[in-house]
């Protein structure tokens, strides 16, 4: 009889656990698509992004078709973005664009994609310890530049177009500064051709960036080191035409 007690105890625990599990029913079990969407949207508006994500995921799983699910596909991307889950946010945006290429809010999807990439390197550490933007990984910034560019080209009259243009200006300066940071690295190590190529890349891809005069100056110096006097002269003439003070300073230091 004594030997049966442990087994009976385990059985009683299992029965009680099963009963408790049965009592913890899913509160959303009987919700309609409309209620799920409204609750998800309310959580999103409250800033409860994890709760919003949960409700949007349930909505898509239970009601994969219809206007609520379609709108939820876009809003869950924003919820992931605000919850600082950029990979999930990008996946949700890409899925929405692929499935709804003619949706009236697809311009916002491209804008949101740009925002996600724009802020991808804004980690907790970076927010509290300032870092040189030019030294950060440029890939998310390039992706953001392309995303905003797609929006501006495809939807020039979008309500998000002007903000996208302004962000592109900022990104262009960031990306050009990064190229010049790399060019400076090459110059200090005597890799003249690599430095000149970085300067040329800035001229070709980031016209109007703040780093353009730096790029021309690097090209002049690097081509001189390589004894490519014609190319150095061409770069110097462009510098003289557009930035005469920089050209004069370069001549004096030559």
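In this note's numbering, the protein residues as written are 753 to 1006. Glycine residues also receive a C-beta, built at the ideal position from the N, C-alpha and C atoms.
By the neighbour-count criterion, in which 16 or more other beta carbons inside 10 Å mark a residue as buried, residue 850 falls on the exposed side. Per the Cβ contact rule, the stretch 927 to 934 is not in contact with the stretch 899 to 907 (fewer than 3 Cβ pairs under 8 Å). Cβ-Cβ distances below 6 Å link residue 895 to 869 in the same chain, with the five nearest sequence neighbours on each side left out; the list follows chain order. Rounded to whole angstroms, the separation of the alpha carbons of residue 832 and residue 806 is 10 Å. Residue burial is scored here from C-beta neighbours: residue 791 has at least 16 other C-beta atoms within 10 angstroms and is therefore classed as buried. Here the C-alpha atom of residue 855 lies approximately 26 Å from the C-alpha atom of residue 892. By the CB criterion at 9 Å, residue 972 and residue 955 fall outside the cutoff.
Pairwise C-beta distances place the stretch 934 to 946 out of contact with the stretch 913 to 920, as fewer than three of them are shorter than 8 Å. Only residues of its own chain outside the window of five on either side were considered, and among them 924, 925 and 928 have a CB closer than 6 Å to the CB of residue 961, listed in chain order.
Cβ-Cβ distances below 7 Å link residue 810 to 780 and 788 in the same chain, with the five nearest sequence neighbours on each side left out; the list follows chain order. Per DSSP, the continuous alpha helix (DSSP H) segment holding residue 976 begins and ends at 964 to 977. Collapsing the DSSP output to three states places residue 909 in coil.
Distance from the CA of residue 861 to the CA of residue 963, rounded to the nearest whole angstrom, comes to 31 Å. Taking C-beta atoms under 8 Å as the contact rule, residue 829 and residue 802 fail to qualify, at a distance of about 15 Å. Taken atom to atom, the span from the alpha-carbon of residue 952 to that of residue 968 is near 8 Å.
With respect to the 9 Å criterion, residue 950 and residue 970 are classified as neighbours on the basis of their beta carbons. The continuous alpha helix (DSSP H) containing residue 863 extends over residues 858 to 870. Rounded to whole angstroms, the Cβ separation of residue 991 and residue 1002 is 7 Å, and the two are in contact under 8 Å. By the criterion of a C-beta distance shorter than 6 Å, residue 840 is surrounded in its chain by 832, once the five residues flanking it on both sides are discounted. With a 10 Å radius around the Cβ and a threshold of 16 neighbouring Cβ atoms, residue 919 comes out buried. Between the C-alpha atoms of residue 846 and residue 814 there is a straight-line separation of about 21 Å. DSSP, reduced to helix, strand and coil, places residue 818 outside both helices and strands of the structure shown, so it counts as coil. Residue 824 sits buried, since 16 or more C-beta atoms from the chains shown fall within 10 Å of its C-beta. The straight-line gap separating the alpha-carbon atoms of residue 903 and residue 977 is approximately 42 Å.
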